[in-house]
Each structure stands twice: as C-alpha cells, then as structure tokens.
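The sequence shown begins at 196 in our numbering and counts up by one. Beta carbons are placed, not taken as given, at the ideal position from N, Cα and C, and that holds for glycine. For reference, the structure discussed in these notes is given below.
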Amino acid sequence: MKSLFCFLLFTSLTVTRSEAADNLSISPSVLQSNSPAFINVTQADGVYVREPITATAAVEPAIARRNSLRMKAIMTSTNTGPKCLIYFPPGQYCFDGAAPEWQASIETTHSHQTIAGADLNATRILQLNREVASTVRLRHTGSTVRDLFIGASDYDTTFHPEWEQQPLKTAIFLDAAASEAGRWSADPVVRKVNINSPGNTIERKSFYRPFRTGLEVKGAWLNVYAHTLWITDTFTAIDIDQGPVMAGPAKFIDINHYCIEARGQSKAWTTFFRSTGHFMEQVELIHCTFIGAQFIRMDGRPATNSAGNSPAYDMIIDHNYINVYDTMEAPEAQLPDKVYSGIYLNLPPLVASGPRKNYSRDIRFTNNSCTGRAPGRGAFFYAEGNCRGITFSENDISCAGADKCIYIRPGEPVASSDPLAQSDVAIRDVKITRNYFRNWRAPITLGGDRNDPARSELAEKNIARGCDDDAAFIQRVIIADNQSMQEESVTRIGLTHAYLNRCRQVSISGNTFDETVGWGLAAQDCEDVSITGNTLRGLQKNNRTGIVLQGVKTGTVTGNIVNCFANGITVTRSEGIALSANSISGARCAIECRDTGGVSLTGNTIAASQTGLSFRGATSATLAGNLVQAETNQVQEADVRILNR
C-alpha cells in the first residue's frame, strides 16, 4: 500500500509539471525546483541557473548587461535540451543586448524550447541595445514564445522624433536560416505576446521607441503560427523573407497593430504584413486589426532574388478590420505611388527568367471591414502581375472620397521568344462579389487606368476597335451583387464605379450603383461582355453616362435600370452588341450608338428622356419591341440603316 501511495504521488507531481509546461498553471512546488523540463530563470539551483536573472522596477543598464550574460549561461546549461520551458515570473527584466556570439538577448539552443512569462503584461522583457538583431530569437523546430511583453526601454508620455531614425531592430526573430543546414524548421509558435503595447486598447497615453519589425520570419519555416499579438510603435508588424525557398503554411490570427497619428510630429511608414523573395504557401491573415499606413506589401518580382521567383499560393485575408490612413513623409518616397496602396501585391510578371508558368494563385480578400484614403497615391487594393484567381468578396469598404478602391492590372509583360508565353493571359478568374463600397471615386478598375497618360480616355479619340487576343490581359471576370455609393460632393471628372480595360469574358450582374457622379459602368477594348440586371442611379447635372461600351467585340446589355444620367447607354466603335429589356429614364439621350456595327435593340423601355435613340455612323441596327416615350425625339438617325423597326 505504501509503495502504491508513493507511485500515485510521483505520478501526480509528474502531471503537474507537464501541465506547467503546457498551460503555465505552475504549482508552488514546481516554481521552487528547476528540472531539465522546467527552468525558472530567477531561481538559482547551482545546476541550470547558477546566477539568476534579476527583475528591476526601473531600467538599470548595469543589471541589463548582467542579465544578457546570464541568459546565455542558462540557455546553454548542462542538459538544458529539447522540450524545456524557460519561465520568467511576473516582473520587469531588462537586457542591453546579446552575449558574445549571440545575435539576440534571448535565443533557443535546442528544439521544442519555450520562452514563457506569467501573462502578457505581468512579465515584461525590455530591450536597451539598438544594435542587437533581436530581443528573442527562435532558431529551432518547435520553438515557442508566449505570455509576455516585449518592449523598448525608452518610454515617455511624448513621442521623440529621433526614435524613428534610431529604432530597435526586431522584437521576435524566427531565424530558420540559422538552424541546421539543409533542413526545414517547423512549428514555431508566438502566442499571447504584447510588443510595445499595453494590450487591448488604442488609447495612447505613452510611447515607446519603435521596433523596426515586430515579428520577422526568415528562411525555410514550416507551419508558422502566431496568435493574439498586440503591437504598437513598430514600423512593420510581420516581415517574411523566405529567400530562395518555398515554405509554409503560415497562420497569423488576431494580430493587432496600432499605429496612431496622435504621435504629433511622427511621420512613420507603418506596414502590417510585408513579404519579399519567394512566397509561402497557404498564408492566412485572419481576425487581425490594423491602423496605419499600409496593410500588406508583397514583392514578387524576379529582382528580389537571384534564383528567380516562385508564386504565392492560397493566400487568405479574412475577417480583418483595416484602417489605412494617408502616408505623410515616407522614407521610401522615391518609389512609385502605387507602392503606397493600402494593399500592394506586386505579383510575378507574365513571363520571368524561370519557368513560363510562374504565377500566383488563389488570393482571397473576404469578409473584411475597411476604411482607407489614398488620394493620388495608388489604391486601397492594388494587384499587379500574373495571377490565377483573385477573389474580393463580402467586404465593407468606406472612404472619404479617395481615388481607387480595387485596382487590378497585368503590369508590363517580360519579353520572351516562347509563342505560348506571348499569348498567355496575365490575370484570370477575378471575382468581385457582394461588396459594399462607400464614397470611392472609382471602386473597381480592372486592366488599366483611364487617367493614365499612356492610355486614351473615354473621349473622342481614335482607338482600335475591339480586343485582339494578345491584348486581353485579364480573362474571366465576375462582378456581381456589389453596392456602391458616391456622395455628390465627390466631383472629380472621369471616374466611375466599374471600369474595365482589355478584359475578356466579363460578367457584370446584380450590382447597385447609387449617387453616381461619373460613369456607372465602362468597358473599353474588351471582348465577350455581359452586363445584366444592374441598377444605376446618377446625377444628371454632372453630364455623365450610365453604361459605356467602347471598342467592345460581342457584348450583351440586358435587364438593367439606368436613371438620371445625361446619357443612359452609349456604344462607340464596337460590334456585335445586343441591348435588350433595359429601363432608362431621366436622360438627355437614353441610348446612343456611334460608329458601331451589328447593334440590336429589343424590348427596351425609355421614359422621360429628351432623345430616345440616337445613331451616328452605325453600319446597321436591328430594332424591335422598344417602348420609347421621349420628350422630343424618339429616334435621331444619321447615316444608319435600321432593320425591323
């Protein structure tokens, strides 16, 4: 019986210690006795902790230096190996840099080591030295950082502008490049960590010297997992550089990055997620909150690494709150304006020096709540390059009159002698569905920008008719069930709810566009266009058009409601266009066809318009069953042959 009792007691203590490693529910007995699986850095034991780490109420440089040296001794102590939890009790621990041959104040030395505190703000790790590469560096498989605060030792109630010129480097560094050569590091975890942040609040009563990067990921990592981070006073929250390898997946859940303009003189360039080099597969940004300058910046051009470029596969951006404000004076001001977009995806080019099929795949931006303003500087969502599948769905995006919201364009193709590559499509399978756009001058722009000087505007310019095969850089586009509203005060000329340039197989259906001060829908140099069941309401005094087709080959405009535009539907220099069952009212000219061949108008209803139908230079037109109740002229004919009137 006595032996059975001792066995049960031993088993009970073993379970308690295991739970301590997993859940930090550490019993008093464990706190007082270190072991190969659990080390309390403040508890000297003569084996693992010969000289304990010291907590201080104030920042003391001498103690910070001593802590740095002692931390290395603890982490490299005899038998301190894998599956070891390194525990910091409640308190404030200062480090002034790295011990000799270390690149961080705290580093892992074996796989499956955990650096843990008592709670997000109960355990505070403060960094003094600006030269050290990082405060915490994870180098091994299964490394974890959790339940603590990492911050700068410089702290004040006012922000010091010189801090931006001399930031700390990195708070947490996942350095797979330093792990065993030829092997991928797996399963790093960063969970419940504050970086320069008091936690769940955006109220700013004090400031820290910034970190350049909150969480840096470098090299061939597998299964990166970060959950519940609060970050302030940091230029970039997450920075990924995979180098010449493909890695992933990576999940970033409930990451909160607050960069408030209340800094006074501060003009920091702040980014939530930044990626260069080869991309990771299955990157997820879920339930994150960002207030700053740029939410995502991804650079996938070949110049980022000498080995060529691999695509981004399966990126999910879902259920985030994003507030993108103006960038004032960014340190990278020499770069093009598009770089300053709220989300900037510089995807691989159509043909690179590597394999011909070098494209990104399945980028999904869904269920996000966003505000943003970027007047004259890029767009809210800017994607350029070579991609198969961009989904923009179920988002609520508002702005105070900025330029573009969604801007997707192919970019410039790279020259190639491969005839298949020359005829390939840069971007295909674009879906923009069930979004709510408020107060954007141009919510949707695909294929090109009408205001780019290199492209002709929708005006009286002689552009080529139709869309040649090698000119259609975007294919298979669906724009459906979106709502967009522009305020009357947004009066910039020449912008529209949806503008498509050089696209093929386009479907625009079920959208509601209100308070339009520019064009409603415009397709230029496109092929196989279907515009069905949309409702467009304009302001007649702004002298714009509800639906514009220019240089379009084969299109249908069916069942749309177009009210209160200067012109209801305008078709110019196009061919094979059918307009049927549309309802148009309150226009100076309801339907206008110019220099167009093979147009068919059937079953349209026109009311309260000065001119019902107008033809100029059309080669042929078929009219049947239209109800025209115009105020002056039902039909204006000039050099046109009308059949079946």
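Beyond the five residues adjoining it in sequence on each side, A415 comes within less than 6 Å, by CB distance, of A371, W379, V440, A442 in the same chain, given in chain order. Uninterrupted beta strand (DSSP E) stretches at least 3 residues long and entirely within the region 407 to 461 occur at 419 to 427, 429 to 436, 445 to 453, given in chain order. Look at P393 here: in three-state DSSP terms it is coil, with no helix or strand label. DSSP places Q681 outside any alpha helix (DSSP H), giving it a letter other than H or E. With respect to the 7 Å criterion, G754 and A785 are not classified as neighbours on the basis of their beta carbons. In this structure R633 is in contact with S593, their Cβ atoms being roughly 4 Å apart against a cut-off of 8 Å. Leaving aside the five residues that flank T791 on each side, the residues in its chain whose CB is nearer than 6 Å to its CB run, in chain order, V766, S769, A813.
Under the 10 Å beta carbon count, G241 is surrounded by fewer than 16 other beta carbons and is classified as exposed. Out of L321, C483, D709, A488, the CA that lies nearest to the CA of H514 is found in C483.
Rounded to whole angstroms, the separation of the alpha carbons of I269 and V534 is 45 Å.
Non-local beta-carbon contacts of G573 in its own chain, meaning distances under 6 Å to residues more than five positions away in sequence, involve D532, K533, Y535, S536 in chain order.
Contact between C582 and G642 does not hold, since the beta-carbon distance rounds to 13 Å and is not under 8 Å. For S230, there is no enclosing alpha helix (DSSP H), as DSSP marks it with neither H nor E. Residue state for V625 is assigned as strand, using DSSP reduced to three classes.
Distance from the CA atom of V743 to the CA atom of G733, rounded to whole angstroms, is 14 Å. DSSP, reduced to helix, strand and coil, places N235 within a strand of the structure shown.
For K267, there is no enclosing beta strand (DSSP E); the residue is found in the alpha helix (DSSP H) stretching over 256 to 270.
Between F430 and T465, the beta carbon gap of about 6 Å places them in contact (Cβ cut-off 8 Å). Between Q308 and S338, the beta carbon gap of about 6 Å places them in contact (Cβ cut-off 8 Å). Take the alpha-carbon of I538 and the one of L695: they are about 20 Å apart. T365 places its beta carbon 7 Å or farther from that of N391.
In this structure, V384 keeps its C-beta atom at 7 Å or more from the C-beta atom of I367. E357 counts as exposed, since fewer than 16 other C-beta atoms from the protein chains shown sit within 10 angstroms of its C-beta. Here DSSP, grouped into helix, strand and coil, assigns K599 to strand. Linking I450 to C721 through their CA atoms gives a straight-line distance of about 41 Å. Ranking T751, H422, D598 by CA distance to the CA of I481 puts H422 first.
In this structure, the beta-carbon distance from R604 to Q670 does not fall below 7 Å. Short of 6 Å from the beta carbon of M493, and not among the five residues preceding or following it, lie these beta carbons of its own chain, in chain order: S470, L540.
When the Cα atoms are used, T566 and A773 turn out to be separated by approximately 38 Å. From the listed residues N316, R739, T330, the smallest Cα separation to S300 is found for T330. Taken through DSSP and simplified to helix, strand or coil, A372 comes out as helix.
Within the same chain, and ignoring the five residues on either side of S564 in sequence, the residues whose Cβ sits closer than 7 Å to its Cβ are Y516, D591.
Between the C-alpha atoms of N777 and I703 there is a straight-line separation of about 14 Å.
Around the CB of G713, 16 or more other CB atoms lie within 10 Å, so the residue is classed as buried. By alpha-carbon distance to G705, the top candidate from T691, S725, A717, A718 is S725.
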